[in-house]
């Protein structure tokens, strides 16, 4: 009800102006999804609303080239919430220009702030995970635009950008460092090769290097390639047939798997001038099979435009095929706008247009918001999540702390913890490392007991990366990178893990001389196996360095948050 009230208010606010010189658009979908866009001259406003994301983006262009962008973004991903604010300034300076082509220098400056606060499900804050992140970025691109005679036009952009930041949290300050730098080339072209047909094409290639001390699970060089080509063929004046081909390739995460490789084929059929010279109706479809795994995306849409008014209904479905099950998701939506226009009409092409805000404002592909499917078994869920980063995100969002049976003395085995999405420290870490071992990781539970505090104990997960062999300490959805040599013995790794990170855990060690620890393996359902001797800690030299905490799922909240449009 609140959602429809907000839509009604938006209609009342914008309708008077929209019929005059302005333009606005409402895009409404399932899962409480809504997107509202408003344009007036050189002012642009967009608001995205969903259960997990509330975002407002405002841009103002000054003159022909200068543009200022301001974004406010709020994300709610259990068990934490994050807000982000950024401002970007874009200026294009003409270097060379004459009658048929021009060369411009496009400069970008941006700054942003991301603030986050974590919570346990019972509402108690976890002080060590609050943080504020200050980011600054700059970029420079050369833009070449020229005409291909009287029939075509082409533009190309080549350049790069870099971002740096400082992070402050209760675990200490991470001083100003670089976050990422990117090299990018993109372009678009249009060519009318006959009176009846026009070809349009876009392409982009980028390679990005992320700071490995801040983004634990990304490639040394992340790669993204995107391309699309369509042909508009008008065999008769009332009809247009628009076939299209596309290709998307994304490889960001360091898990020896491609994140996305998706060719696509589409078709749009347009019927014009049904009642008057200003109307059109269309249907379109896209089929996009995945190459990185079994599955596909499909889109069906139908729409119309008449003078300044347009509308569209659409449904996007995604099917991911695993060894013993199929995961299906769908987004059904309705789009309505004033001043639909030729430019807006052709902007509908491509799957990116039809996505929810959670995907739009995500850092990793296909999104850091990892959903939960309660119909799956523990082994099926492990296969669905696929890698350590997604499994950590899932555990942090959907597992709650619950005291062990028999007043804390009992133990829930892996499937019981999984079915209830609840457990205490050793039950959660045991279940998590069993899921990670199913995905091929070397994973254990590190358990310790401090006998100086009436036999209090705690457990976290120790897990090793598949590719670069780094070790991580994982606890209640938080992940810390250990500064250890992977060739150390497990006893040395455990001692270093406790020295570096135990003071930031839920149960810091108070008296090392009264503390014992061991390593537990949990890949067999119904039990756990101790795989190390029962060590005595005796003494421990605490590390004074700030631990390296993964902030990748929150840092920019979007891959190009600081410098993107």
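In the numbering used here, the protein residues as written are 207 to 771. Glycine included, C-beta positions come from ideal geometry on N, C-alpha and C.
Check                                                                                                                                                                                        : Outcome
Given a threshold of 16 other Cβ atoms within 10 Å of its Cβ, counted over all protein chains shown, does residue 577 qualify as buried or as exposed?                                       : exposed
Give me the Cα-Cα distance between residue 209 and residue 539, rounded to the nearest whole angstrom.                                                                                       : With a pLDDT of 47 at residue 209, under the threshold of 50, the predicted position of this residue should be treated as unreliable, and no value is reported.
Could you tell me which residues DSSP pairs with residue 612 in its beta bridges?                                                                                                            : The partner list for residue 612 (beta bridge, DSSP) is empty, contrary to what the question assumes.
Of the residues 356, 360, 529, which one's Cα is nearest the Cα of residue 350?                                                                                                              : 360
Taking the alpha-carbon positions, what's the residue 436 to residue 453 distance?                                                                                                           : 12 Å
Out of 734, 730, 342, which one is the CA nearest neighbour of residue 724?                                                                                                                  : 734
My guess is that residue 433 and residue 409 are in contact by the Cβ rule of under 8 Å, so how many angstroms apart are they, rounded?                                                      : 4 Å
Just mark residue 739 as buried or exposed, buried being the case when its beta carbon has 16 or more other beta carbons within 10 Å.                                                        : exposed
In or out: residue 639 buried (at least 16 other Cβ within 10 Å) or exposed?                                                                                                                 : buried
Does the separation of the CB atoms of residue 771 and residue 721 fall below 8 Å?                                                                                                           : no
Looking at the unbroken alpha helix (DSSP H) that takes in residue 663, where does it start and where does it end?                                                                           : Careful: residue 663 lies outside any alpha helix (DSSP H), inside the beta strand (DSSP E) at 662-670.
DSSP on residue 635, reduced to helix/strand/coil?                                                                                                                                           : helix
Write down the C-beta distance between residue 296 and residue 282 rounded to the nearest angstrom, noting that I regard them as a contact closer than 8 Å.                                  : Rounded, the Cβ-Cβ distance is 30 Å, inconsistent with contact.
So the candidates are 674, 238, 274; which of them puts its Cα closest to the Cα of residue 258?                                                                                             : 238
Compare the beta carbon distance of residue 505 and residue 560 with 8 Å and say whether it is the shorter of the two.                                                                       : yes
Going by DSSP, which residues form a beta bridge with residue 249?                                                                                                                           : 246, 266
Please work out which residues of its chain come closer than 6 Å, Cβ to Cβ, to residue 253, disregarding the five sequence neighbours upstream and downstream, and give them in chain order. : 242, 262
Would you mind giving the Cβ-Cβ distance between residue 386 and residue 347, rounded to the nearest angstrom? I have them listed as a contact below 8 Å.                                    : The pair is not a contact, with the Cβ atoms about 16 Å apart (cut-off 8 Å).
Is the stretch 636-650 close to the stretch 581-588, with three or more CB pairs under 8 Å?                                                                                                  : yes
Could you check what DSSP says for residue 346 in three-state terms: helix, strand or coil?                                                                                                  : strand
Quick check: the stretch 400-414 against the stretch 367-377, are there 3 or more CB pairs under 8 Å?                                                                                        : no
Excluding sequence positions up to five away, which residues of its chain have a Cβ less than 6 Å from the Cβ of residue 784?                                                                : No answer is possible for residue 784: it lies beyond the span of the chain, which begins at 207 and ends at 771.
How far does the beta strand (DSSP E) with residue 602 in it extend, from its first residue to its last?                                                                                     : Unbroken run through residue 602 is the alpha helix (DSSP H), 594-604; no beta strand (DSSP E).
Compare the C-alpha of residue 741 against each of 697, 753, 381 and name the closest.                                                                                                       : 697
Measuring straight from C-alpha to C-alpha, what distance separates residue 536 and residue 525?                                                                                             : 9 Å
Using a Cβ-Cβ cut-off of 6 Å (strictly less than) and excluding sequence neighbours within five positions of residue 605, which residues of its own chain qualify?                           : 627, 634
Rounded to a whole number of angstroms, what is the C-alpha to C-alpha distance between residue 670 and residue 649?                                                                         : 6 Å
Residue 717: buried (16+ other C-beta within 10 angstroms of its C-beta) or exposed?                                                                                                         : exposed
For the putative contact between residue 686 and residue 707, defined by C-beta atoms under 8 Å, what is the C-beta separation to the nearest angstrom?                                      : 5 Å
If you scan the stretch 642-721 from start to end, which runs of the beta strand (DSSP E) of 3 or more residues do you find wholly inside it?                                                : 648-656, 662-670, 677-681, 684-687
Compare the beta carbon distance of residue 590 and residue 523 with 8 Å and say whether it is the shorter of the two.                                                                       : no
What's the call for residue 339, buried or exposed, on a 16-neighbour Cβ count within 10 Å?                                                                                                  : buried
Quick one, which of 489, 488, 592 has its alpha-carbon nearest residue 672's?                                                                                                                : 592
In terms of alpha-carbon separation, which member of 466, 456, 493, 468 lies closest to residue 474?                                                                                         : 493
Shortest alpha-carbon distance to residue 457 belongs to which of 383, 425, 609, 267?                                                                                                        : 425
Verify whether the separation of the beta carbon atoms of residue 233 and residue 244 is less than 8 Å.                                                                                      : no
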